[in-house]
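These protein sequences, in sequence, are chains A and B. Start counting the first sequence at 40; every next residue gets the next number (our numbering). Start counting the second sequence at 511; every next residue gets the next number (our numbering).
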Amino acid sequence: MKKTVACLAFALLIASLLVGALPNPAQLTLTSASEDIILHGFFDEPLVGDHNIVTIVNFFKEGGGEEYKVRNHTSTTVFDEFSEEEYVGIAYYYFGTNTPNIYYIVNFSITPFFSESASYEVPLQLRVNKHASSANINVNVGTSSKAGTLGTFEEPSVPVSYTAFTTSSENIKEPKFAALKLDLLLNQTEIATKGITAGDDYVATVTATIITN
Amino acid sequence: MKRLPYILVILFAIPFIASAALPGDATLTLNTRVNEVFLHGFFLLNHDTGTLNSEDILEKFIGTGALDDMDGTGEYRYAQNEEYSYEDYNGAGDFDFGEPTYEIGYYLFLSNVVGNYTVKFAISPFWSETTKYIVPWSLKVENAGNNTYFENQTKILSSGESLGFGTEPGATTSEVFQTGSEAVHKYAALKLTMLSPFGGEGGGNEVMVPAGTDYIATVVASITGP
Numbered sequence: 040m041k042k043t044v045a046c047l048a049f050a051l052l053i054a055s056l057l058v059g060a061l062p063n064p065a066q067l068t069l070t071s072a073s074e075d076i077i078l079h080g081f082f083d084e085p086l087v088g089d090h091n092i093v094t095i096v097n098f099f100k101e102g103g104g105e106e107y108k109v110r111n112h113t114s115t116t117v118f119d120e121f122s123e124e125e126y127v128g129i130a131y132y133y134f135g136t137n138t139p140n141i142y143y144i145v146n147f148s149i150t151p152f153f154s155e156s157a158s159y160e161v162p163l164q165l166r167v168n169k170h171a172s173s174a175n176i177n178v179n180v181g182t183s184s185k186a187g188t189l190g191t192f193e194e195p196s197v198p199v200s201y202t203a204f205t206t207s208s209e210n211i212k213e214p215k216f217a218a219l220k221l222d223l224l225l226n227q228t229e230i231a232t233k234g235i236t237a238g239d240d241y242v243a244t245v246t247a248t249i250i251t252n
Numbered sequence: 511m512k513r514l515p516y517i518l519v520i521l522f523a524i525p526f527i528a529s530a531a532l533p534g535d536a537t538l539t540l541n542t543r544v545n546e547v548f549l550h551g552f553f554l555l556n557h558d559t560g561t562l563n564s565e566d567i568l569e570k571f572i573g574t575g576a577l578d579d580m581d582g583t584g585e586y587r588y589a590q591n592e593e594y595s596y597e598d599y600n601g602a603g604d605f606d607f608g609e610p611t612y613e614i615g616y617y618l619f620l621s622n623v624v625g626n627y628t629v630k631f632a633i634s635p636f637w638s639e640t641t642k643y644i645v646p647w648s649l650k651v652e653n654a655g656n657n658t659y660f661e662n663q664t665k666i667l668s669s670g671e672s673l674g675f676g677t678e679p680g681a682t683t684s685e686v687f688q689t690g691s692e693a694v695h696k697y698a699a700l701k702l703t704m705l706s707p708f709g710g711e712g713g714g715n716e717v718m719v720p721a722g723t724d725y726i727a728t729v730v731a732s733i734t735g736p
């Protein structure tokens with residue numbers, strides 16, 4: 040028995056020496072990062088085809104090159120022509136981000152149409168709808184408060200705010216995206232009653248602002 | 511005529527007298543040793559001037575100071591570790607898009623030890639402790655020297671795992687080459703290229719990876735042998 044144990048110990052010793060004859064493993068460590076990307080903005084034309092975080096990012100890239108990575112990038116669209124329709128499609132709004140565990144609120148600040156030359160104001164009311172599927176976003180589908188009052192004024196009325204959507208939770212690691220269709224509501228009855236003073240400088244703006252908690 | 515026996519005796523005796531007068535052969539024995547040298551590791555180097563031969567490989571190791579402590583006694587082992595960052599070398603900055611391939615550098619192997627040795631790479635996927643997101647990738651290994659172990663070969667080694675959220679993944683081990691047991695010095699230079707898991711911009715596999723600054727993957731080269 041003692042002989043067996045001695046032989047085994049000797050074999051282990053030899054084995055350990057043999058293992059020691061080889062160099063240690065060499066390690067290559069690769070590091071990288073995935074940048075924070077937060078994209079949002081208005082588009083005249085909608086994205087065609089599948090809506091997902093990659094197609095939305097590419098949609099932004101096509102229009103902005105490397106600027107697509109700019110954080111909190113805000114764009115505005117200008118509506119400059121009235122219509123006789125009650126609902127007028129004015130723009131599409133897209134949002135996409137890969138930032139994990141951040142709760143976002145997106146507010147639309149809406150100003151009425153106002154003409155400096157005519158000193159006349161036309162109210163603006165916005166209807167927000169989903170244009171396509173979204174991910175990890177709760178869209179506040181509905182109609183905003185009315186900004187402004189139809190009539191003659193020295194200054195435009197103050198903007199109104201509308202919460203267009205929030206992320207569905209704080210603890211979401213997955214990418215989040217949303218695609219919205221924005222319609223303008225025009226009270227044609229009121230317009231027909233009061234009319235709109237002529238002017239070629241009526242301007243209203245919808246500004247999307249991203250807020251984090 | 512009577513003198514003849516004496517003359518014969520003298521003639522026979524002369525050679526013995528002469529040889530007895532000289533010392534034996536002197537022998538100088540030169541005794542030395544050739545240290546066992548076993549070097550391997552990763553290098554983030556550029557080498558655009560043809561294939562790497564054994565002298566080139568040795569110089570690369572000398573350049574790292576790998577042999578500075580060699581004192582002429584015993585065996586000598588060395589493993590060269592490296593860290594590679596996308597941002598430093600390709601400017602891609604993120605996983606989402608960018609180039610379809612990234613040239614990392616080389617794995618170099620040099621040994622004068624007799625025996626048949628096997629080199630294996632254990633590759634782990636990228637993983638972020640922050641986001642818990644896994645990004646698998648592949649490593650292209652090509653012969654970059656005039657070694658014969660990897661002649662006319664290209665291997666694609668995969669980290670395994672699937673893209674998505676998960677716990678910290680393990681590594682996938684693959685054999686890269688065997689040296690053969692011939693009693694000659696053995697060397698190998700292998701060029702390493704990372705293949706983007708997304709095929710690069712427009713590659714059709716683009717994915718938005720959750721933002722994080724701590725994505726890490728490893729390649730561990732280990733040697734087994736007699």
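Glycine included, every Cβ here is placed at the ideal spot set by N, Cα and C.
Pair within 8 angstroms by beta-carbon distance, residue i and residue j
i: residue 669 of chain B; j: residue 727 of chain B; result: yes
i: residue 550 of chain B; j: residue 619 of chain B; result: yes
i: residue 185 of chain A; j: residue 214 of chain A; result: no
i: residue 146 of chain A; j: residue 719 of chain B; result: no
i: residue 81 of chain A; j: residue 130 of chain A; result: yes
i: residue 96 of chain A; j: residue 717 of chain B; result: no
i: residue 644 of chain B; j: residue 673 of chain B; result: yes
i: residue 702 of chain B; j: residue 616 of chain B; result: yes
i: residue 100 of chain A; j: residue 170 of chain A; result: no
i: residue 585 of chain B; j: residue 60 of chain A; result: yes
i: residue 150 of chain A; j: residue 166 of chain A; result: no
i: residue 561 of chain B; j: residue 655 of chain B; result: yes
i: residue 631 of chain B; j: residue 667 of chain B; result: yes
i: residue 693 of chain B; j: residue 624 of chain B; result: yes
i: residue 88 of chain A; j: residue 222 of chain A; result: no
i: residue 722 of chain B; j: residue 626 of chain B; result: no
i: residue 200 of chain A; j: residue 188 of chain A; result: no
i: residue 121 of chain A; j: residue 225 of chain A; result: yes
i: residue 553 of chain B; j: residue 592 of chain B; result: yes
Sequence-distant residues of the same chain with beta carbon closer than 7 angstroms to residue i, five excluded per side
i: residue 574 of chain B; result: 590
i: residue 98 of chain A; result: 86 and 133
i: residue 210 of chain A; result: 140
Any C-beta of chain B under 8 angstroms from that of residue i
i: residue 248 of chain A; result: no
i: residue 96 of chain A; result: yes
i: residue 138 of chain A; result: yes
i: residue 217 of chain A; result: no
Proximal residues to residue i (C-beta, below 6 angstroms), its chain only, five neighbours per side dropped
i: residue 141 of chain A; result: 251
i: residue 191 of chain A; result: 158 and 159
i: residue 248 of chain A; result: 146
i: residue 621 of chain B; result: 548 and 696
i: residue 156 of chain A; result: 238 and 240
i: residue 75 of chain A; result: 138
i: residue 657 of chain B; result: 697 and 698
i: residue 154 of chain A; result: 238, 240 and 241
Test: residue i CB closer than 8 angstroms to a CB of chain A
i: residue 595 of chain B; result: yes
i: residue 718 of chain B; result: yes
i: residue 682 of chain B; result: no
i: residue 652 of chain B; result: no
i: residue 677 of chain B; result: no
i: residue 611 of chain B; result: no
i: residue 574 of chain B; result: no
i: residue 628 of chain B; result: no
i: residue 537 of chain B; result: no
i: residue 728 of chain B; result: yes
Chain-order list of residues whose beta-carbon lies under 8 angstroms from that of residue i (same chain, five-residue window excluded)
i: residue 212 of chain A; result: 139 and 140
i: residue 176 of chain A; result: 134, 204, 205, 206, 207, 215, 216 and 217
i: residue 635 of chain B; result: 644, 645, 646, 647, 669, 670, 671, 679 and 727
i: residue 598 of chain B; result: Since pLDDT at residue 598 of chain B reaches only 42, below the 50 mark, its modelled position is unreliable, and the value read off the structure follows with that caveat. No residues qualify anywhere along the chain.
i: residue 544 of chain B; result: 622
Contact list for residue i against chain B, beta-carbon separation under 9 angstroms
i: residue 206 of chain A; result: By Cβ distance, chain B contributes nothing, its closest Cβ being about 13 angstroms from residue 206 of chain A, past 9 angstroms.
Cross-chain neighbours of residue i in chain B, by beta carbon under 8 angstroms
i: residue 63 of chain A; result: 587 and 589
i: residue 92 of chain A; result: 718
Per-residue contacts from residue i into chain A (C-beta, under 9 angstroms)
i: residue 731 of chain B; result: 64, 65, 66 and 67
i: residue 725 of chain B; result: 69, 70, 71, 72 and 73
i: residue 592 of chain B; result: 65, 66, 67 and 68
Residue(s) in a DSSP beta bridge with residue i
i: residue 241 of chain A; result: In the DSSP output, where bridge partners are listed per residue, residue 241 of chain A has none listed.
i: residue 677 of chain B; result: DSSP lists no partner for residue 677 of chain B.
i: residue 704 of chain B; result: B/612 and B/649
i: residue 587 of chain B; result: B/548
Contact set between residue i and chain A, taken where Cβ atoms lie within less than 8 angstroms
i: residue 687 of chain B; result: Within chain A, no residue comes near residue 687 of chain B; the closest Cβ sits about 14 angstroms away, beyond 8 angstroms.
i: residue 550 of chain B; result: 62 and 65
i: residue 636 of chain B; result: 69 and 71
Within chain A, the residues that residue i reaches when beta carbons sit closer than 7 angstroms
i: residue 660 of chain B; result: What residue 660 of chain B touches in chain A: nothing, since even the nearest Cβ is about 17 angstroms away.
i: residue 641 of chain B; result: 139 and 212
i: residue 703 of chain B; result: The premise fails here: residue 703 of chain B is roughly 12 angstroms from chain A at the closest Cβ pair, so nothing lies under 7 angstroms.
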